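Enquirer: Protein chains in written order, with the working numbering: chain U, 14 to 392; chain E, 14 to 392. Every residue, glycine too, gets a C-beta built ideally from N, C-alpha and C. Values in this document were obtained by computation on a predicted structure and should not be read as measured data.
Below, the structure is given as structure tokens:
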């Protein structure tokens, strides 16, 4: 199979976009990626989206986006894997180019979540979990993650505020990213005063929903020798329900997908200069760091406390705000992560630029770890 | 790219399955396909589904199905293109095998539509159309198709009952298919007495919703020299809204996708022995026949009246009942079509068997023709 390169990047700032529908957000990001790449036409469009059918009353977003971009006729489809939707779209786009089936592919992640009230949005988000065996019990999606965080604290002897470094790092980095939803650093005092959403998760251990879209233009690497290359791309699954797992503190799908991606890329954790992980909740950031080999079991939080996750640390994470501060438009997030990693590799990350990023990794999570998508990129 | 073959077929009868959730239906069909193929493990699962997030409160069906099949860890994702979801999943499964990325892929289309009341189901189906510019006007999805049928009658001088041969053929064929929802032939009198759903569409010019799942097991053709081969696979899009088309009676995406598939297969309309088309509404069957080169513009209905679509006709369609009589579990339909075409090619279609089927074609439509997926198969 051919190597794949990222030739263009497009992003819409994560905001409450009252004047743009889901199609406009997707088309805005798509056009930006096309312009960035200097490409006018593609062979395929892969769209990642989670809640459009419910919150925007619009399905068939592949055709919707092709239509909005004026690319009538082009092959297009939507992928959905809850919050792992955009990472999954990237994976299919890569296969389409690598196979030789397509010469140029546009992948777009989009989500418009703020035009409905919170009860509807919360209900839409629960569909990421197990409808029959988790949600039926009355738990929300945040509630499930609160149970995981509580278990982590109990098992390893942490306090709630031990998780603060994740939020402080994310908000400090988001302040440097014009596309971030929250652009203010926070203090330890602010963190401590965070309103509890679902004990022990406070506002500062949970990412905010938002409207947004991110897009990438993919081509064969042989046609773009100086573009960022995809070294690894892998998806793995785990049980849908957390209670079905032997160990709720082990992200098996993260381990599996990262091992596959490491093997494809011929690299290991020591080679990764930047890790855009899925900090939908602080505890998930800790679990990802552990599953990917950056920390031993139970040491993910300690790694953050030691400063290793900071821009000048051993393994910087969430360099442009992460889900926590850039915002988490669920089905778009996986492509924001890859867009940001690409900009970092190219030295185009502006005020958020980190020095010496040669290899970057992204990890996008669907549900409570049921679908996990890992990508490894090199400049 | 490698040639792809269909090694196994699995179907769940289309019914109101009150005792099975969406995961059970998908797993039942998946297991049947694995058993049929004699394969125990796959590298990837591609699921087609449209309304699960809304009607079953369950998204992330890739992981859901991997979990239900006990295939923890395997790569999995869901594709959605409204009623073209399952055909789109097939297309991605084919690319995954053809590329060399995977050696065995399970594609499953599933839909569970009858556990909600009709208002909810109707609302869920409208998401196939343009939320901002069609549905906002108050039209339903059936209503849009009624406008197209009315225009067809006006433009070409047909009466409503001229469309009857489509329904009569579908019900006669469905009677021979144990997986069909409706298993009784209907008479012209029954057709004439059909209750109007949205004038001029009666119950007998509209397909019924239902619960169902169909699955196929794909492998490289080199590993299964006697299995049914995929000669062509193509997706094309058109404007989402019917009113944006230059000609509402021309299915541009059907023309484009069939031309691509014909070119890949090196065949033309004269070579097709069986055409499993998307008769969600009788008028769509007529438009597909015209777009694919079996009839001139406005002659699709005449072709049916001449008997060409019957099992012993020049171009048999809906050989196992079609959407009309087998039933239309929307996100599963595209794979029921391919499953049925495969059984016909293998001589395993039972009482519905048609003689001399060497090359079969399927066409799966999303929305009012915004996404159209064509597959050409050979025994």
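1) Please decide whether residue 90 of chain U counts as near chain E, where near means a Cβ-Cβ distance under 7 Å.
2) At a CB-CB cut-off below 7 Å, which residues of chain E make contact with residue 108 of chain U?
3) For residue 104 of chain E and residue 370 of chain E, I'd like the C-alpha separation in whole angstroms.
4) According to a CB-to-CB cut-off of less than 9 Å, which residues of the stretch 119 to 148 of chain E neighbour chain U?
5) Is residue 182 of chain U helix, strand or coil by DSSP?
6) Could you check how far apart the C-beta atoms of residue 123 of chain E and residue 345 of chain E are, in whole angstroms? I think they sit under 8 Å.
7) According to DSSP, is residue 356 of chain E helix, strand or coil?
8) Would you kindly work out how many angstroms separate the C-alpha atoms of residue 17 of chain E and residue 53 of chain U, rounded to a whole number?
9) Any Cβ of chain U within less than 7 Å of the Cβ of residue 33 of chain E?
10) Which runs of the alpha helix (DSSP H) at least 4 residues long sit entirely within the stretch 110 to 180 of chain U? Give them in chain order.
11) Considering residue 386 of chain U, what are the terminal residues of the beta strand (DSSP E) in which it resides?
12) In chain order, what are the residue ranges of uninterrupted alpha helix (DSSP H) at least 4 long that sit wholly in the stretch 181 to 235 of chain U?
13) Taking residue 253 of chain E as the query, report the chain U residues whose CB atoms sit under 8 Å from its CB, ordered along the chain.
14) Can you grab the Cα-Cα spacing for the pair residue 169 of chain E / residue 212 of chain E, in whole Å?
15) Taking only three categories from DSSP, how would you classify residue 89 of chain U?
16) Can you give the Cα-Cα distance for residue 116 of chain U and residue 178 of chain U, rounded to whole angstroms?
17) Starting from residue 87 of chain E, find everything on chain U with Cβ-Cβ shorter than 8 Å and list it in chain order.
18) Hey, quick one: how far does the beta strand (DSSP E) through residue 242 of chain E stretch, first residue to last?
19) Along the chain, where does the alpha helix (DSSP H) containing residue 297 of chain U start, and where does it finish?
20) Which same chain residues, not among the five before or five after residue 146 of chain E, have their C-beta less than 7 Å away from its C-beta?
21) Take residue 240 of chain E and list the residues in its own chain whose beta-carbon comes closer than 8 Å to its own, dropping the five residues that flank it on each side.
22) Tell me, to the nearest whole angstrom, how far the beta carbon of residue 328 of chain U is from that of residue 294 of chain U; I am working on the premise that it is less than 8 Å.
23) Going by the beta-carbon positions, is the gap between residue 314 of chain E and residue 204 of chain E smaller than 7 Å?
24) Kindly indicate which three-state DSSP category residue 376 of chain U falls into: helix, strand or coil?
25) Kindly identify the DSSP beta-bridge partner or partners of residue 59 of chain E.
26) Return the CA-CA distance between residue 374 of chain U and residue 285 of chain U, expressed in angstroms with no decimal places.
27) Would you check if the distance between the CB atom of residue 99 of chain E and the CB atom of residue 61 of chain E is smaller than 7 Å?
28) Looking at the unbroken alpha helix (DSSP H) that takes in residue 268 of chain U, where does it start and where does it end?
29) Measure the alpha-carbon distance for residue 47 of chain U versus residue 193 of chain E and round it to whole angstroms.
30) On the CB-based measure, 16 or more other CB atoms within 10 Å of its CB, does residue 260 of chain E come out buried or exposed?
31) Whole angstroms are fine: how far does the CA of residue 352 of chain E sit from the CA of residue 326 of chain U?
32) Residue 272 of chain U CB to nearest chain E CB: under 7 Å?
33) Is there a Cβ from chain U that is less than 7 Å from the Cβ of residue 101 of chain E?
34) Could you tell me whether the Cβ of residue 54 of chain U comes closer than 7 Å to any Cβ of chain E?
35) Considering only their Cβ atoms, is the gap separating residue 189 of chain U from residue 364 of chain U smaller than 7 Å?
36) Give me the Cα-Cα distance between residue 217 of chain U and residue 297 of chain U, rounded to the nearest whole angstrom.
Expert: Result, derived from the coordinates:
1) yes
2) 108, 109, 112, 114
3) 22 Å
4) 136, 137, 139, 140, 141, 142, 143, 144, 145, 148
5) helix
6) 5 Å
7) helix
8) 31 Å
9) no
10) 131 to 139, 154 to 169
11) 384 to 391
12) 201 to 205
13) 73, 76, 77, 80
14) 17 Å
15) strand
16) 43 Å
17) 249, 250
18) 241 to 250
19) 295 to 304
20) 254
21) 18, 19, 20, 232, 234
22) Residue 328 of chain U to residue 294 of chain U, Cβ: 19 Å. No contact.
23) no
24) strand
25) E:90, E:120
26) 7 Å
27) yes
28) 265 to 278
29) 46 Å
30) exposed
31) 54 Å
32) no
33) yes
34) no
35) yes
36) 13 Å
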